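Quick note on my numbering: the sequence shown kicks off at 9 and runs consecutively.
The beta carbon of each residue, even a glycine, is placed where N, CA and C say it ideally should be.
Every value quoted in this text rests on a predicted model; they were computed, and no experiment measured them.
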Amino acid sequence: MNYRHAFHAGNIGDVLKHMVFARVITYLQSKPGGFRIIDTHAGLGRYDLTKGDAQRTGEWRQGVGRVLEADMPKKVAEILAPWLDVVRGMEENAKKLSVYPGSPLLARKLMREQDRLTVTELHPDDFQKLAELFAGDVHVKAIELDGWNALRGFVPPKEKRGIVLIDPAFEETNEFEKLATGLYKGWRRWGTGCFIAWYPIKDKKTVKRFYDAMSVSGIERIMVAEHFAGQARADGPMMGSGLIMINPPWTLKGELDTVLPWLTTTLAQGRGADWRVLQLTGEK
Ligand code: SAM
């Protein structure tokens, strides 16, 4: 396990993932009943952008940094507000962006009294920081565990409403196969749950094979959203990523159609900047 998210915190992939994650959490809050968020590959939870790995790569400058500096139409601002309000609201960011909230901290900041969060992380150092972040918080259960096992152990949650975020490190060559299997098993256990999984798009053929497999998996209501800041390259830095979503809120497609064109222009790094939203499967 060499991957450390601190190198990538706040980058173009985090922008897509966290913006959608925050929208879905906000949607769940339209009903008063509590829900559970399960974050299977949680990372540290909080990233200092002013030192260490994040400062060294500076990937956030092309991601959340650009978003925060750009002018945005009112509709886009409304859609991004749940995510950006958390980023701007971090005490350390009062003067300038210094700290970036990862998915567990973003979820925790958005949760209400009745909502609960379960986070799993396998890297011992990252887990320790994650556990420290949520120490004493009765709303959060942090567990040092293989996230793929969390899909078996914690799904479905007792609340029967909620989101499972699957955000693997994509270090292994079979990670798309693992993702397809994990999503299928998770969905079989909890057919009404909302599952969101992130993946880098470096080789479009591999991603197409993954979509083809998901399209014939029997899983209903699958949508994917892709964003590219530039041309996807198998051997270069990550220029694009996607989200596969099972049971997304019905409102999300319209929101993505509004926000992704703006994000694509704002985050563009040359030729190949693009986006698309696809419905892979519908309802039987
Ligand atoms: N979800 C985080 C966020 O958005 O802020 C970022 C997660 S990062 C992409 C992937 C994380 O998964 C890394 O922290 C890595 O240590 C962890 N990881 C790798 N393999 C894992 C496994 N099998 N189970 C749980 N965590 C794992």
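Residue i - DSSP class collapsed to helix/strand/coil
i, result
"F178", "coil"
"Y11", "coil"
"R54", "strand"
"D47", "strand"
"Q136", "helix"
"F218", "helix"
"T289", "strand"
"I254", "strand"
"I204", "strand"
"I171", "strand"
"P81", "coil"
"R120", "coil"
"V163", "coil"
"V72", "helix"
"P269", "helix"
"P90", "helix"
"H147", "coil"
"G199", "coil"
"G66", "coil"
"Y262", "According to the sequence as given, residue 262 is Gly; it is not Tyr. It is helical."
"K212", "helix"
"N19", "coil"
"G41", "coil"
"K59", "coil"
"S225", "coil"
"K193", "helix"
"A242", "coil"
"K25", "helix"
"A30", "helix"
"K103", "coil"
"A115", "helix"
"A276", "coil"
Distance between beta carbons of residue j and residue i, contact taken as under 8 Å
i, j, result
"E228", "E291", "5 Å"
"F15", "D61", "5 Å"
"P164", "W198", "4 Å"
"V95", "Y108", "7 Å"
"D270", "P81", "In the sequence on display, residue 270 carries Trp and not Asp. With 8 Å as the limit, W270 and P81 qualify as a contact, their Cβ atoms being about 7 Å apart."
"R217", "F43", "R217 to F43, Cβ: 33 Å. No contact."
"F203", "I254", "4 Å"
"A205", "L264", "About 16 Å; that fails the 8 Å criterion."
"K261", "V232", "Between V232 and K261 the Cβ distance is about 11 Å, and since that is not below 8 Å, they are no contact."
"I45", "I230", "With 8 Å as the limit, I45 and I230 do not qualify as a contact, their Cβ atoms being about 20 Å apart."
"A188", "A240", "Going by Cβ atoms, the distance from A188 to A240 rounds to 20 Å, so no, they are not a contact pair."
"L275", "I87", "15 Å between Cβ atoms; not a contact."
"Y219", "L173", "About 20 Å separates the two Cβ atoms, so there is no contact after all."
"Y11", "T259", "Not a contact, Cβ separation roughly 33 Å."
"S111", "G51", "7 Å"
"K210", "A177", "The Cβ separation is near 14 Å, so there is no contact."
"L125", "D47", "7 Å"
"G53", "L141", "5 Å"
"A102", "W68", "That pair is no contact at about 17 Å."
"G238", "Q277", "4 Å"
Residues that DSSP places opposite residue i in a beta bridge
i, result
"F236", "G248 and D282"
"F142", "Looking at the DSSP assignment, F142 forms no beta bridge with any residue, so it has no partner."
"E129", "E152"
"I230", "I254 and T289"
"P109", "R54"
Cβ-heavy atom distance, residue i to the ligand COA, below 8 Å
i, result
"S111", "For the structure depicted, the ligand COA is absent and the ligand set comprises only the ligand SAM."
Cβ of residue i within 9 Å of any chain B Cβ
i, result
"G144", "The structure shown has no chain B; it contains just one protein chain."
Touching by the beta-carbon criterion (3+ pairs, under 8 Å), the segment 171–189 and the segment 133–143: Flag = no, the segment 171–189 and the segment 133–143 do not touch.
Inter-stretch contact (C-beta, 8 Å, three-pair minimum) for the segment 114–127 and the segment 27–40: The segment 114–127 vs the segment 27–40: in contact.
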